[in-house]
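Visitor: I am attaching a structure below and will ask some questions about it afterwards.
2 protein chains.
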Amino acid sequence: MTTKKQRIFAEAAQLFREKGYSAASMRDLAERVGLKPSSFYSHIKSKEEILQKICFDSAQKFTEGMERVEQSGGTSRQRVRALLGLHLRVALEDPTSVTVFNDEWRHLSEPALSRFVSLRKDYEHRFLRIIESGIEAGEFRAVHPQLALYTLLNALRWLHFDGKLSKQFSAESLREELEKILLHGLIVEKK
Amino acid sequence: MTTKKQRIFAEAAQLFREKGYSAASMRDLAERVGLKPSSFYSHIKSKEEILQKICFDSAQKFTEGMERVEQSGGTSRQRVRALLGLHLRVALEDPTSVTVFNDEWRHLSEPALSRFVSLRKDYEHRFLRIIESGIEAGEFRAVHPQLALYTLLNALRWLHFDGKLSKQFSAESLREELEKILLHGLIVEKK
DNA sequence: GTCTATAACTTGATAGAC
DNA sequence: GTCTATCAAGTTATAGAC
Numbered sequence: 531m532t533t534k535k536q537r538i539f540a541e542a543a544q545l546f547r548e549k550g551y552s553a554a555s556m557r558d559l560a561e562r563v564g565l566k567p568s569s570f571y572s573h574i575k576s577k578e579e580i581l582q583k584i585c586f587d588s589a590q591k592f593t594e595g596m597e598r599v600e601q602s603g604g605t606s607r608q609r610v611r612a613l614l615g616l617h618l619r620v621a622l623e624d625p626t627s628v629t630v631f632n633d634e635w636r637h638l639s640e641p642a643l644s645r646f647v648s649l650r651k652d653y654e655h656r657f658l659r660i661i662e663s664g665i666e667a668g669e670f671r672a673v674h675p676q677l678a679l680y681t682l683l684n685a686l687r688w689l690h691f692d693g694k695l696s697k698q699f700s701a702e703s704l705r706e707e708l709e710k711i712l713l714h715g716l717i718v719e720k721k
Numbered sequence: 531m532t533t534k535k536q537r538i539f540a541e542a543a544q545l546f547r548e549k550g551y552s553a554a555s556m557r558d559l560a561e562r563v564g565l566k567p568s569s570f571y572s573h574i575k576s577k578e579e580i581l582q583k584i585c586f587d588s589a590q591k592f593t594e595g596m597e598r599v600e601q602s603g604g605t606s607r608q609r610v611r612a613l614l615g616l617h618l619r620v621a622l623e624d625p626t627s628v629t630v631f632n633d634e635w636r637h638l639s640e641p642a643l644s645r646f647v648s649l650r651k652d653y654e655h656r657f658l659r660i661i662e663s664g665i666e667a668g669e670f671r672a673v674h675p676q677l678a679l680y681t682l683l684n685a686l687r688w689l690h691f692d693g694k695l696s697k698q699f700s701a702e703s704l705r706e707e708l709e710k711i712l713l714h715g716l717i718v719e720k721k
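Here you go:
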């Protein structure tokens, strides 16, 4: 059973994704939910409460995923592979929320903004350490670890264009393609 | 000599990048330029005119770059390498505008929006054909070309975080790192 | 070209009847 | 919990004095 509150959050995520948080009005949202604008202040406190929930729910998925990867044991290579899988899974599970999480978090106000940025930094830092370990162990090329991190994280951003592409592929085949490109590179090396 | 009009465009790009187009008000902009909000309607026609100029100026840089790459002759590998260089160059040349170009174009209204989307599609299509040729020629791994395209294009998005990183590296060393990661892959292959 | 003043409208949110 | 009515503030843009 989905409550009306859940309907509101789902429709809001969709709307924020389409128009951006600032350009999306509560009146737009009301129309989609089938309520008058004033009516959903019985369900939610403010427009920003919606943004906060979307952003922090997604953040939690990444944080929990990172937790599991760190505790799994395994080589850096296996860990990075697992993180690609994490990003893929979260993006396919709820592409709309992930888009908002990725693109609209900056419209959070304090103190939520600082809390969010801090979660994000923590996640990136842990991802970075895995890349660094891999380089030290000789599993990865000697790239600049932070450049590699940003390249990987952003390479995974198109996943939430929940358009034709993500429906055309199974999660498994998407993972294989991503691994080919990002981990083994586009170019066929001379043997 | 920089005209006041140029000042307005430059400050606007900065502001749109920081707050997003919708959340950035003409009052904010006026304050930065040192004018009353009404005054710069002597220089520009509307808020959207600014967005249009930023978006289409950047689009043109990519289109012209693609033109040069296509006419250069050379293998697909060399062409993709040149396109990495193009994205890098444009991003380093004017990181602020590129951010707006990347993230705020959706706030264009018709008919500019359709014109923009069409330019973008055209660019992506031409990039795609280069990837496809490379695969056919056996220069590139047999990846799904469109997935590779989106992965590459988005991998290059962090370049306009004109923060510490992009100042820490020369354009040339950035290019080398990107090539390592994207073209040769993170993983050290067994010989 | 810049200003003051303001038009015309949209914004998020609230009060209070039912 | 949903409505009508409305508020207070913010929005882009214009009119007209200087």
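Chains A and B, in that order, give the protein sequences.
So the number in the numbering used here is just where the residue sits in the first sequence, counting from 1, plus 530.
So the number in the numbering used here is just where the residue sits in the second sequence, counting from 1, plus 530.
Each residue gets a CB set at the ideal place from its N, CA and C atoms; glycine is no exception.
1. Could you tell me the alpha carbon to alpha carbon distance between LYS697 of chain A and LYS566 of chain B, rounded to whole angstroms?
2. To the nearest whole angstrom, what separates the beta carbons of LEU581 of chain A and LEU638 of chain A, a pair I think is in contact under 8 Å?
3. For the alpha helix (DSSP H) that HIS573 of chain B lies in, which residues bound it at each end?
4. Look up PHE646 of chain B in the DSSP assignment and say whether it is helix, strand or coil.
5. Thinking C-beta only, is CYS585 of chain A closer than 7 Å to PHE646 of chain A?
6. Give the secondary structure of PHE592 of chain B by DSSP, where H, G and I count as helix, E and B as strand, and everything else as coil.
7. In this structure, how does DSSP classify PHE546 of chain B when only helix, strand and coil are distinguished?
8. For HIS714 of chain B, return the contacting residues in chain A, with the cut-off set at a CB-CB distance below 9 Å.
9. Which residues mark the beginning and the end of the alpha helix (DSSP H) in which PHE631 of chain A is found?
10. Closer than 7 Å by beta-carbon distance: list the chain B residues that pair up with SER552 of chain A, in chain order.
11. Put PHE691 of chain B into one of helix, strand or coil per three-state DSSP.
12. Considering just the uninterrupted stretch of the alpha helix (DSSP H) at PRO675 of chain B, what are its terminal residues?
13. For PHE670 of chain B, which three-state DSSP category applies?
14. Would you please verify whether the beta carbon of HIS690 of chain B is less than 7 Å from any beta carbon of chain A?
15. Strictly below 8 Å CB to CB, what residues from chain B border LEU695 of chain A?
16. Quick one: measure Cβ to Cβ for ILE660 of chain B and VAL610 of chain B, integer angstroms, because I've assumed they're closer than 8 Å.
17. If the criterion is Cβ atoms closer than 7 Å, does the pair TYR571 of chain B and GLU634 of chain B meet it?
18. To the nearest angstrom, how far is the alpha carbon of ALA542 of chain A from that of ASN684 of chain A?
19. Take HIS617 of chain A as the anchor and find which of A:VAL718, A:ILE717, A:GLU702 has the nearest alpha-carbon.
20. For ARG547 of chain A, does the count of other Cβ atoms within 10 angstroms reach 16, so buried, or fall short, so exposed?
21. Judging by CA-CA distance, which residue of B:PHE592, B:GLU709, B:LEU614 is the nearest neighbour of VAL628 of chain B?
22. What is the residue span of the alpha helix (DSSP H) that ALA701 of chain A lies within?
23. Could you name the residues of chain B that LEU614 of chain A contacts, counting a contact when the two beta carbons are closer than 7 Å?
24. When the cut-off is 7 Å and only beta carbons count, does GLU707 of chain B lie next to chain A?
25. DSSP has ILE717 of chain A in a bridge; who is on the other side?
26. Please tell me whether ILE711 of chain B has its Cβ less than 7 Å away from any Cβ of chain A.
27. Can you give me the Cβ contacts of PRO675 of chain A inside the same chain, cut-off strictly under 8 Å, excluding the 5 residues immediately before and after it?
28. Kindly say whether ARG656 of chain A, judged by its beta-carbon, lies nearer than 7 Å to any beta-carbon of chain B.
29. Show which residues of chain A have a CB atom less than 7 Å away from the CB atom of ASN684 of chain B.
30. If you draw a straight line from the alpha carbon of SER606 of chain B to that of VAL599 of chain B, how long is it in whole angstroms?
31. Please report the straight-line C-alpha distance between VAL673 of chain A and SER576 of chain A, rounded to a whole angstrom.
32. Taking the continuous alpha helix (DSSP H) assigned at GLU561 of chain A, which residues delimit it?
33. Closer than 9 Å, Cβ to any Cβ of chain B: which residues of the region 617-630 of chain A, in chain order?
34. Decide if LYS694 of chain B is buried, meaning its Cβ has at least 16 other Cβ atoms within 10 Å, or exposed.
35. Identify the contact partners of ARG607 of chain A in chain B, using a Cβ-Cβ distance below 8 Å as the criterion.
36. Which residues in the same chain have their Cβ closer than 7 Å to the Cβ of TYR653 of chain A, if we skip the five residues on either side of it in sequence?
Guide: The short version:
1. 50 Å
2. 6 Å
3. HIS573 of chain B -> no alpha helix (DSSP H), and no H or E assigned at all.
4. helix
5. yes
6. helix
7. helix
8. ARG671, HIS714, GLY715, LEU716, ILE717, GLU719
9. 625-633
10. GLY550, SER552, ALA553
11. coil
12. 675-685
13. strand
14. no
15. GLN676, LEU677, TYR680
16. 6 Å
17. no
18. 24 Å
19. A:GLU702
20. buried
21. B:PHE592
22. 701-708
23. The contacting residues do not exist; LEU614 of chain A stays about 10 Å from chain B at best.
24. yes
25. B:PHE670
26. yes
27. LEU658, ILE661, GLU662, ILE665
28. no
29. ASN684, ALA685, ARG687, TRP688
30. 10 Å
31. 45 Å
32. 556-563
33. none
34. exposed
35. ILE717
36. PHE592, THR593, MET596
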